[in-house]
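A short write-up of the structure that comes next.
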Amino acid sequence: MAAPKVGTFTTGLVPLPAENVDTDQIVPARYLKVIDKAGLADALFHDWRFEADGSKKSPPFVIDEPRYAGHGILVAGDNFGGGSSREHAPWALGAFGIKAILATSFADIFKSNALKNGILPIVLRADLHGTLMQIAKDDLAATVTIELATATLTTPDGAAHAFPIDAFSQKMLLDGLDELDYIRTQGEKILAHETSHPGTINTLQPNAPR
Amino acid sequence: MPKTIIEKIWNEHVVDQQEGAPAILAIDLHLVHEVTSPQAFTGLRARGLKVRRPDRTVATADHSIPTTPRNLPIADEMAAAQVKQLEANCAEFGVPLHGWESPNQGIVHVIGPELGLTQPGATIVCGDSHTATHGAFGALAFGIGTSEVEMVLATQCLLQRKPKTYLVRVDGTLRPGVSAKDIILALIARIGVGGGTGHVFEYAGSAIRDLSMEERMTICNMSIEGGARAGLVAPDETTFAYLKGRPHAPQGADWEAAVARWRTLTSDEGATYDKEIVINADTLEPMVTYGTNPGMGLPISGTIPNPADESDPAAARALTRALEYMDLRAGDSIIGRPVNTVFIGSCTNGRISDLRLAANVLKGQTIAKGVRVMVVPGSADVKRQAEREGLDKIFRDAGADWREAGCSMCIAMNGDQLAPGEYAISTSNRNFEGRQGKGGRTFLASPLTAAATALTGVIADPRTLPGMSR
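Chains P and X supply the protein sequences, listed in that same order. Position one of the first sequence corresponds to residue 118 (the working numbering), numbered consecutively onward. Position one of the second sequence corresponds to residue 38 (the working numbering), numbered consecutively onward.
As C-alpha cells, this is what we get:
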C-alpha cells in the first residue's frame, strides 16, 4: 500500500450544505465489518443514498446526481467528520472519487485520517466558503484548481486563495512519503526512550515486577 | 514555569521533535479491537514488520460480536470473519487477546481499567474515539485511525501535535437523581459538538473530585462528543484505591514507587489553559438529548426547542431536520415521550455501578408493557460481579433482557438494534441518525433516567422515583 501522493488537480464541486456531518453518516457502522477496504464506495453516505431494499433513492442524493458525476471536491458545512474515528470514512470518500473537502472546520480525528489518505481537508473562511457553496449549487461547469505545492485554491474567477496546511503533511503528500517510514528513521531515539522509560504497563504478565 | 498535567504527560513521552514536524510520541498502552485493526495488521504483514511491543498491546472483541450466549456461533458471517481475523492476527503477531470467549473479554474501554492496565500518566491509544475514557485515570488517551494503529503496532509511537488545553471546572455538588452522565451532557449542550476541537479537556473541581472512577470514566468517555480528542482527570486517592491490587497494576515496592510518581501528576498552581469553562453542579438536572447529535440535549424539565427561535439559519435548518428525523414537536415536554426500547450498557455507562443504579430502580418492579429493556454488562467481569450481587435476577424479574458483554446496541453492529422509527432511551454516547439501527431514534440519558423510563415506557424524571437518593 503506497503512501498517497498529491500534486495539482482541477475538478468540479459537489454541494453538501449540512453542518456537523458525522462519520456515522459518512459510513454507517454496519459497513465496518470488512477486513479490507472493499465496497466502501457504496458505503459512502449509504443511508442518505439508498433505500432499505438497496435501490438508489429517487430523487438521488447529490453525489449520485448525474450532473455532479466526476466532481471531486465536496463543499460541506461546519465541523465535518465528527464522532467515530473510523478511517473507513476517508477510505469511502476516496473510493468514490473525492479528492478534497472544503469546510469552515473539521473534526480532529477525521482531519488527520483524511490527510493520511491523500484527501485534503481544506478550511476556508466563511465568506469564501459561502461563495463556493453557491457556485457548487448554481454553476455545474465550474471547476476549482488545488495546488498543494503552493497551498492555493484557484476559484473559477481565476483568483488564487491560500489555504492552511501544516508543512509536514504538505511535504509528505507532495513527495509521496510514508509516515511509518518517517517514524522508523528515528529508531535509535525510540529505543533510547524505551530504555529510559520502562514504565509499569505489561500486558503479557499480570503482577510481574519490571 | 507552571504546567498542566497534560503538558507534563506530553513532555515525558516525546521521543523526538523536529522543527515543523509533529512530535514522535511514545505510547504506553495500545488497545486493539476487531473492527479497526484488520487493515493495520495486513499493512504490517505487507511491510514485513513485527509488532514492536506485544507487552504494551492488548486486544479484545467487542463491537461486532453478539450478546447472546457464548456457546452459540456468531451468525453474522462478516462479523464472524472479523473476529476470526483478529484471533489469527493476534496469534501471528504475539498480541495478548481477551477474545470473545475469554473470562476477561469486554468492551475495550471497560477491560483496560478493570485489568489495571490503564494507569495514570500513561499515553493510551486505540482505533476507537471513546479511548478518551481512560483519561479518567489521569492518562492522555485518545482515538486513532487504522493507519495510526499500524504505526503504533510497528513502532509503539505516533506522530502527534501538542494539543491545546481546555479546563472544565465543575464545582458544587450533584443533587439526588443527577448523575455524572448529566454533567457531560450538560457540558456538550453548552459548548456544542465542535466546542472542544483541537483541545484536550481537563476536568477539575469539587464535583469531579467527589466522583468515583466509574463516574469519571463516564465523563471522560464523552469528551470526543464535545469535539475534544481526549479528556482527563488528575489522579488522586480515589484513583489509587481503584487500581490497587488489580491484575496488571504494579505490586509491592513497585506500587509504592508508582503512587509516589503518580502523585506528581497534577496541574501546577498558576498553570494556564487555552480555554476555560465553569459548570455549577448544584444547578444541573438530569439531561436527555432530543436531537441527532450529543449536543442537542436539554434538562429533563425542559421543552423541545423551536427552530424559529434559532437566529443562525444553519442551526435552524439542522434543528428542523433533527426534529423531523426524531418526529418530535417544538414546545413539547421531553418528559412523557414514549420509547420502545431501553438500552443500559456501553463504554459510557456499562459498569457495575451503572448496573447497580438501574437495578435499584427496577428492583421488585415490572417494566412497562410493550417496552424492551436490554441490559448489557460492559465486560464478562462486570457480568460476573452483577450476578454475584443478584442484579441479573432483578433485571430478569422486572422483564428485562440480561445479555453477554459487548458494545451491542450503542453501535448496533451485532444485531442488537432498533427497527426504523423505533425510539430508544440509551445510556450510550451517540444519537446520530441511524446510529442504533437505520431509521432508529435515540434519546441519550443516564442509567437512572433510563431505568425510570423503563417503568413507565415514557421518558421519566428519576428525581420523582420513590426514595430517590444518590
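Heads up, the beta-carbon is just placed ideally off N, CA and C, and yes, glycines get one too.
(request) Please work out which residues of its chain come closer than 8 Å, Cβ to Cβ, to X:Q54, disregarding the five sequence neighbours upstream and downstream, and give them in chain order. (result) A60, I61
(request) Would you mind sorting P:G199 into buried or exposed? The rule is 16 or more other CB atoms within 10 Å of its CB. (result) buried
(request) Taking only beta-carbon positions, decide if X:G415 is within less than 7 Å of chain P. (result) no
(message) Less than 6 Å between C-beta atoms, sequence neighbours within five positions excluded: which residues of the same chain meet that for X:T493?
(response) A405
(request) Taking only runs that begin and end inside the stretch 244-274 of chain X, name each unbroken alpha helix (DSSP H) of 4 or more residues, in chain order. (result) 250-258
(request) Measure the alpha-carbon distance for X:S390 versus P:G171 and round it to whole angstroms. (result) The alpha-carbon separation between X:S390 and P:G171 amounts to approximately 42 Å.
(message) Could you compute how far the alpha carbon of P:A266 sits from the alpha carbon of X:G214?
(response) 57 Å
(message) Measuring only the C-alpha atoms, how far is P:E305 from X:E124?
(response) Note on geometry: alpha-carbon atoms of P:E305 and X:E124 lie some 32 Å from one another.
(message) Strictly below 8 Å CB to CB, what residues from chain A border X:E187?
(response) Absent from the structure: chain A. Protein chains present are P and X.
(message) Distance check for X:N397 and X:G504, CA to CA, integer angstroms please.
(response) 10 Å
(request) Tell me where the alpha helix (DSSP H) around P:Y299 begins and ends. (result) 296-301
(message) Can you check which of these residues, X:M115, X:D165, X:R82, is closest to X:H67 by C-alpha distance?
(response) X:D165
(request) Establish whether the CB of P:S172 and some CB of chain X are separated by less than 7 Å. (result) no
(request) Please decide whether X:T104 counts as near chain P, where near means a Cβ-Cβ distance under 7 Å. (result) Proximity of X:T104 to chain P, defined by a Cβ-Cβ separation below 7 Å, is not satisfied.
(message) Taking the alpha carbon of X:E187 as the reference point, which residue from X:N317, X:E441, X:G85, X:R366 has its own alpha carbon closest?
(response) Checked all of X:N317, X:E441, X:G85, X:R366; the closest Cα to X:E187 is X:G85.
(request) Measuring alpha carbon to alpha carbon, tell me which of X:T464, X:I381, X:A63 ends up nearest X:L428. (result) X:I381
(message) For X:V408 and X:A497, which I take to be in contact (beta-carbon distance under 8 Å), what is that distance rounded to the nearest angstrom?
(response) That pair is no contact at about 12 Å.
(message) With a threshold of 7 Å between beta-carbons, can P:F213 be considered close to chain X, or not?
(response) no
(request) Select from the stretch 124-151 of chain X all residues with a C-beta closer than 7 Å to any C-beta belonging to chain P, and list them in chain order. (result) Residues of the stretch 124-151 of chain X whose Cβ lies closer than 7 Å to any Cβ of chain P, in chain order: P133.
(message) Less than 7 Å between CB atoms is the rule here; does P:F285 satisfy it with respect to chain X?
(response) yes
(message) Please list the terminal residues of the continuous alpha helix (DSSP H) segment that includes X:F130.
(response) 114-130
(message) Between the stretch 123-134 of chain P and the stretch 181-201 of chain P, can you find at least three pairs of beta-carbon atoms closer than 8 Å?
(response) yes
(request) Indicate whether at least one CB of chain X lies closer than 7 Å to the CB of P:D255. (result) no
(request) Could you tell me the distance, in whole angstroms, from the CA atom of P:H188 to the CA atom of X:T234? (result) 29 Å
(message) Let me check one thing: in DSSP terms, what residues is P:P238 bridge-paired to?
(response) P:I218
(request) Figure out for me which residue from P:L249, P:R301, P:A206, P:T128 has the closest Cα to the Cα of P:T221. (result) P:L249
(message) Excluding the 5 residues flanking P:A160 on each side, which residues of the same chain have their C-beta closer than 8 Å to its C-beta?
(response) V144, P145, Y148, H205, A209
(message) With distance defined between alpha-carbon atoms, name the residue in P:A309, P:A158, P:I180 nearest to X:H50.
(response) P:A309
(request) Kindly say whether P:H246, judged by its beta-carbon, lies nearer than 7 Å to any beta-carbon of chain X. (result) no
(request) Could you tell me whether the stretch 272-283 of chain X touches the stretch 148-158 of chain X, where touching means 3 or more Cβ pairs closer than 8 Å? (result) yes
(request) Could you name the residues of the same chain whose beta carbon sits closer than 7 Å to that of P:I282, not counting the 5 residues immediately before and after it, in chain order? (result) A268
(message) Does the structure place the stretch 443-455 of chain X close enough to the stretch 419-428 of chain X that three or more beta carbon pairs sit under 8 Å?
(response) no
(message) If I measure Cβ to Cβ from X:L81 and keep anything under 8 Å in the same chain, skipping five residues before and after, which residues do I get?
(response) K87, V88, F130, E187, L190, A191
(request) Kindly indicate the opening and closing residues of the alpha helix (DSSP H) around P:N230. (result) Here the alpha helix (DSSP H) through P:N230 covers 225-233.
(message) Whole angstroms are fine: how far does the CA of X:T309 sit from the CA of X:P499?
(response) A direct Cα-Cα distance of roughly 38 Å separates X:P499 from X:T309.
(message) Between X:F469 and chain P, is the shortest Cβ-Cβ distance under 7 Å, so that the two count as touching?
(response) yes
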